[in-house]
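Line by line, the protein sequences are chains A and B.
Our numbering puts the first residue of the first sequence at 1, with every later residue one more than the last.
Our numbering puts the first residue of the second sequence at 1, with every later residue one more than the last.
Written out below as structure tokens is the structure these notes cover.
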Amino acid sequence: MSSNLSNTIAKVLSDDQDVRDSNVHDREFPYDRDKEAQVTRREFCNFLGLTSTAFFLGALGFAGKSAYEAQQIERFTPLKIEGAMSLENNSALNFHYPNETDPAILIRTNDGNYYAYGQKCTHLSCPVYYSKQSQHIECPCHEAGFEAKTGNVLYGPPPRPLDQIAVEVKEGEVWAVGRKVGGHNESNG
Amino acid sequence: MLLIMINLAQLWILAATVEAALGREYKQLIPLVVASGVCWLISLTLIFWWKPATEQNKKIKK
Chain A
1 MSSNLSNTIA
11 KVLSDDQDVR
21 DSNVHDREFP
31 YDRDKEAQVT
41 RREFCNFLGL
51 TSTAFFLGAL
61 GFAGKSAYEA
71 QQIERFTPLK
81 IEGAMSLENN
91 SALNFHYPNE
101 TDPAILIRTN
111 DGNYYAYGQK
121 CTHLSCPVYY
131 SKQSQHIECP
141 CHEAGFEAKT
151 GNVLYGPPPR
161 PLDQIAVEVK
171 EGEVWAVGRK
181 VGGHNESNG
Chain B
1 MLLIMINLAQ
11 LWILAATVEA
21 ALGREYKQLI
31 PLVVASGVCW
41 LISLTLIFWW
51 KPATEQNKKI
61 KK
């Protein structure tokens with residue numbers, strides 16, 4: 001029994017060895033790996049040309065999409081921010097505006113005024129928080145800071161201010177009434 | 001080499017375009033797209049009309 005098994009194993013192994021040695025596959029599907037790995041100058045130039053075309057079309061697409069969105073008038077539904085009136089000075093609370101998927105932060109500064117911003121950092125979309133000690137909005141991911149009253153970048157890598165949310169105090173309640181994408185640093189958001 | 005540099009420039013321009021689009025900086029979009037288009041035209045020019053110097057020398061010698 002054991003001798004049969006060992007014979008079978010030997011046969012299978014020898015068959016396998018035969019297949020490997022026969023180079024049948026190489027004959028039927030000739031493939032020179034070293035030759036295929038070489039890229040000719042023409043192929044490389046064509047690749048760079050295609051990349052250049054893709055970059056140009058990408059820039060054109062982004063510009064077109066942005067221009068299209070600029071023509072759309074955004075309408076925002078006013079939203080009462082719950083718990084805002086009981087917010088102490090130099091503190092903040094989180095809410096969502098205009099949709100449930102858009103996190104926002106409401107800040108009440110030391111002078112009692114309200115300021116609201118989108119909570120996504122303009123660098124890599126980390127959630128920002130209000131630091132009572134520094135009285136700045138800070139991003140923990142890359143140590144960025146934003147001014148609490150304007151949303152402008154104070155330090156760190158973000159390229160533009162935080163998105164501003166317009167707030168109004170009506171009849172003792174704080175309402176979010178609009179949202180604007182952060183623009184130039186100089187324009188106070 | 002020039003093609004690689006043009007590609008790098010276009011990559012940089014594309015990044016700036018994306019940033020301008022996200023920041024709604026509409027005035028910067030047109031110059032960026034034009035710059036990318038110029039780079040693209042230069043690369044097309046190089047690919048279709050540039051010939052290696054050695055071939056040109058051979059023709060001149062003939």
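Glycine included, C-beta positions come from ideal geometry on N, C-alpha and C.
Could you check whether the Cβ of A:L60 sits closer than 9 angstroms to any Cβ belonging to chain B? Stepping through the first sequence from its first residue, residue 60 of chain A is reached at position 60. It does: the Cβ of A:L60 has a partner Cβ on chain B nearer than 9 angstroms.
CB of A:F76 within 9 angstroms of CB of A:G178, strictly: Numbered from its first residue, the first sequence carries residue 76 of chain A at position 76. Numbered from its first residue, the first sequence carries residue 178 of chain A at position 178. In this structure, A:F76 sits near A:G178, with a CB-CB distance shorter than 9 angstroms.
Kindly indicate if chain A contains any beta-carbon less than 9 angstroms away from that of B:W49. For the purposes of this step, residue 49 of chain B is identified with residue 49 of the second sequence, where counting begins at 1. Cβ-Cβ to chain A under 9 angstroms: no for B:W49.
List the whole-angstrom C-beta distance separating A:K149 from A:Q164, where the pair is believed to meet the contact cut-off of C-beta under 8 angstroms. Sequence index remark: in the first sequence, residue 149 of chain A carries index 149 (1-based). Sequence index remark: in the first sequence, residue 164 of chain A carries index 164 (1-based). Contact doesn't hold; Cβ gap of about 11 angstroms is too wide.
Of all the options A:G61, A:R41, A:A92, which has the alpha carbon lying nearest to the alpha carbon of A:N110? Position 110 of the first sequence, counted from the first residue, corresponds to residue 110 of chain A. Each of A:G61, A:R41, A:A92 was checked against the Cα of A:N110, and the nearest Cα belongs to A:A92.
Ordered along the chain, which non-local residues of its own chain (more than five positions away) have a Cβ less than 7 angstroms from that of A:Y97? The sequence position of residue 97 of chain A within the first sequence is 97, counting from 1. Closer than 7 angstroms at Cβ, skipping near neighbours: L79, A104, I165, A176, R179.
Is B:I47 near A:N46, with beta carbons less than 9 angstroms apart? For this step, residue 47 of chain B is matched to residue 47 along the second sequence. For this step, residue 46 of chain A is matched to residue 46 along the first sequence. Cβ atoms of B:I47 and A:N46: closer than 9 angstroms.
Could you please tell me which residues of the segment 136–156 of chain A, in chain order, have their CB closer than 8 angstroms to any CB of chain C? This model lacks chain C altogether, as its protein chains are A and B.
For the structure I just gave you, are there three or more beta carbon pairs, one from the segment 16–34 of chain B and one from the segment 59–73 of chain A, closer than 8 angstroms? The segment 16–34 of chain B vs the segment 59–73 of chain A: in contact.
Leaving out the 5 sequence neighbours to the left and right, which residues in its chain are closer than 7 angstroms to B:V63 when beta-carbon positions are compared? This structure does not reach residue 63 of chain B, given that chain B is present from 1 up to 62, and the question cannot be answered.
Thinking just about the alpha-carbon of each residue, which of B:L41, B:I30, B:V34 is nearest to the one in A:S52? Within the first sequence, residue 52 of chain A is the residue found at index 52, counting from 1. Ranking B:L41, B:I30, B:V34 by Cα distance to A:S52 puts B:L41 first.
Between the Cα of A:K120 and the Cα atoms of A:S86, A:R160, A:E88, A:Q133, which residue gives the shortest distance? Here the question's residue 120 of chain A lines up with position 120 in the first sequence. Out of A:S86, A:R160, A:E88, A:Q133, A:R160 has the C-alpha closest to the C-alpha of A:K120.
On the CB-based measure, 16 or more other CB atoms within 10 Å of its CB, does A:R33 come out buried or exposed? Translated into positions along the first sequence, residue 33 of chain A becomes position 33. Classification of A:R33: exposed, given that the 10 Å Cβ count is below 16.
Between A:P157 and A:H123, which are expected to be in contact by the criterion C-beta below 8 angstroms, what is the C-beta distance as a whole number of angstroms? Here residue 157 of chain A refers to the residue found at position 157 when the first sequence is read from its first residue. Here residue 123 of chain A refers to the residue found at position 123 when the first sequence is read from its first residue. At roughly 5 angstroms, the Cβ-Cβ gap stays under 8 angstroms, so A:P157 and A:H123 are in contact.
Any C-beta of chain B sitting closer than 9 angstroms to the C-beta of A:A67? The residue given as residue 67 of chain A occupies position 67 in the first sequence. When Cβ-Cβ separations below 9 angstroms define contact, A:A67 makes contact with chain B.
What in chain A is Cβ-close to B:T17, meaning under 7 angstroms? Taking the first residue of the second sequence as position 1, residue 17 of chain B is located at position 17. What B:T17 touches in chain A: A59, F62, A63.
Report the residue from A:Y130, A:G145, A:Y114 whose alpha carbon sits nearest the alpha carbon of A:E168. On the first sequence, residue 168 of chain A is found 168 positions in, with the first residue counted as 1. Ranking the options by Cα distance to A:E168, first place goes to A:Y114.
So who's on the other strand from A:E168, going by DSSP bridges? Counted from its first residue, the first sequence places residue 168 of chain A at position 168. According to DSSP, which records beta bridges pairwise, A:E168 is partnered with A:W175.
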